[in-house]
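The block underneath contains the structure these notes are about, expressed in structure tokens.
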Amino acid sequence: MKFFTFKLRKISHRLTMVYALLFFVALVVVNAATLISLNYYMKQTSIQQLELINETVKQEITSLADIPMVDLRNISQMTDNVDINLTMNNRSVYNTGETYNLPFPASNTKIVRTTEAGEKTVLYLNDKIVLMDKTVLGIQIIKDMDNEQTYLHALSGSMLIIDVLILLVSLIVGYIISKNALNPINKITQQAQQISASDLSKRIQIEGPDDELKRLADTFNDFIIRIQQSYEKQNQFTLDASHELATPLAVIKGYVDVINRWGKNDPEVLNEGLQSIQGELANMTKLLDTLLFIGKSDHEMLKLEKTKFCLNELLAEIVEESKLVTSERDISFLNGEFLLIEADRRLVKQMLRAVLDNSIKYTSQEGTIVINLEKTKKQAIITVKDNGVGIPKEDLPHIFDRFYRVDKARSREFGGTGLGLSIVKWIAEIHGGSITAQSEIGHGTTMTIHLPSDV
């Protein structure tokens, strides 16, 4: 029993049992209906035969004198296993065979019944006829139904044997069909078990038509791809963050060693060391704040607080704030058509300020920065163009990657972490927009931001 229960835990076995049982039940129902219909048909046919014999007897016998003259035996042989019994005053006056002690006709109503007579099943018809001399003659037509019953019993036994054989065949066929149907699932399971956190490069390979199992495998592969990308990003993020934090910590450790060795007796060395340590701590604080922002964005913990605001006013505000900090560079804003957008104002300001600060960092004091705002049917297009140092062609596709810096020494000199433009890209995309960059060494850089503006 335990073995049977264990086997039925497999889906293929359960499907086989369900398929076989449903097929068997349907077959039994069909066979039962066939037997019932056949029994009804045979009975109705026998009744029609009895009716025919009864009418023949009525036509042949018109008086008592006709009884010896009529060949009732020949009439009864119009069909198999039929006997005729004629009665008067509740007693038999003539019969062609076995009467089976059946009740005599007792009323003027014709009666057709099936009854058990000993070990036999008989169908009989009781009727009466009034002869010419007003004598009432009872007519009893009896048919032995044993042959029909034997045939039905034999047929039902044969059907039962055939049903059992078909059940066995359906179990075998059902098992083969269900096993073949579920074989791709077993392959998916085996291939999925080979995928681990240490190796997410494997994929599930399923051949065949584009059916439900193929779509399941494709969905699973897409899921693994997303996990792999997330896992790789997490590993890369951890490595990059560790590297970025290691550098200022090494610098701080170096200055602590210098202060410990010479700073105790030299105020100038002490002051220089403390200022450098404060600068590195400020860089670390900024880096940690940026990492916290990225962590929240990766885990979708940052929720957009969208409001409607004028993009022209926001750009003008950012330009004025930047001019207060950097008065040497020529920053101009070409204020275009009034443009209203629905977005998170704080994040959009952070994005635009980061792009402008990036231009300011890599543009000389005599350089110029031009900000332009245009409006299309469904988009706001913001361009920030400078005539700074530019970006090498081979670095341009990677400037929006996290921790990527074109010139690491120069970036550290300007306090860069390689995270600013990656955050800018994330803010643009989370609003349904995009950012692109065009640049040439010695001729400056143009950043173009697209934001939805169908307000």
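With the first letter of the sequence shown counted as 1, position 26 gets the number 27 in my numbering; the numbers rise by one all the way through. Every residue, glycine too, gets a C-beta built ideally from N, C-alpha and C. Model, not experiment: these values are computed from the prediction.
Inter-residue distance for Q192 and I173 is about 28 angstroms (C-alpha atoms, whole angstroms).
Taking 8 angstroms as the cut-off, the Cβ atoms of G434 and N388 do not count as close. Looking at A355, K386 and R330, the one whose alpha-carbon comes closest to that of Q366 is R330.
The segment 24-102 contains, as complete beta strand (DSSP E) runs of 3+ residues, the segments 83-89 and 92-96 (chain order).
Within the same chain, N86 come within 6 angstroms of N96 by CB-CB distance, once the 5 residues on both sides are set aside.
Around L65, the same chain offers L132, D134, T136 and L138 as residues with beta carbons nearer than 8 angstroms, after the five sequence neighbours per side are excluded. By the Cβ test, the segment 174-190 is in contact with the segment 11-24, since at least three Cβ pairs between them sit closer than 8 angstroms. Taking 8 angstroms as the cut-off, the beta carbon of C311 is found no closer than this to the beta carbon of L353. For K307, the enclosing beta strand (DSSP E) begins and ends at K307 to C311. The straight-line gap separating the alpha-carbon atoms of N236 and W427 is approximately 19 angstroms.
Here E343 is bridged, per DSSP, to K309. Counting the other CB atoms within 10 Å of its CB gives M79 a total below 16, which places it among the exposed residues.
Per the C-alpha coordinates, the member of I37, L316, L305 and L166 positioned closest to L374 is L316.
The C-alpha of K362 is placed about 13 angstroms away from the C-alpha of L422.
Around the beta carbon of D128, 16 or more other beta carbons lie within 10 angstroms, which makes this residue buried.
Going by beta carbons, A429 and I442 fall outside the 8 angstroms limit. Residues of the same chain with a CB within less than 6 angstroms of the CB of L335, apart from the 5 flanking positions on each side, are N373 in chain order. Counting C-beta pairs with one atom in each stretch, the segment 51-58 and the segment 28-41 have fewer than three that are closer than 8 angstroms, which means they do not touch.
Spatial neighbours of L168 in its own chain (CB-CB distance under 7 angstroms, excluding positions within 5 residues in sequence) are listed in chain order as A21 and F25.
Between L153 and Y125, the CB-CB gap reaches or exceeds 8 angstroms.
H399 counts as exposed, since fewer than 16 other C-beta atoms from the protein chains shown sit within 10 angstroms of its C-beta. Residue nearest to K394 within the set K350, S440, I382 and T364 is S440 (criterion: CA-CA distance).
Short of 6 angstroms from the beta carbon of Y176, and not among the five residues preceding or following it, lie these beta carbons of its own chain, in chain order: T17. Taking C-beta separations shorter than 8 angstroms and ignoring five residues to either side along the sequence, the partners of I48 in its chain run V113, L124 and L126, following chain order.
If you look at K188, you'll find it in the alpha helix (DSSP H) that goes D147 to Q194.
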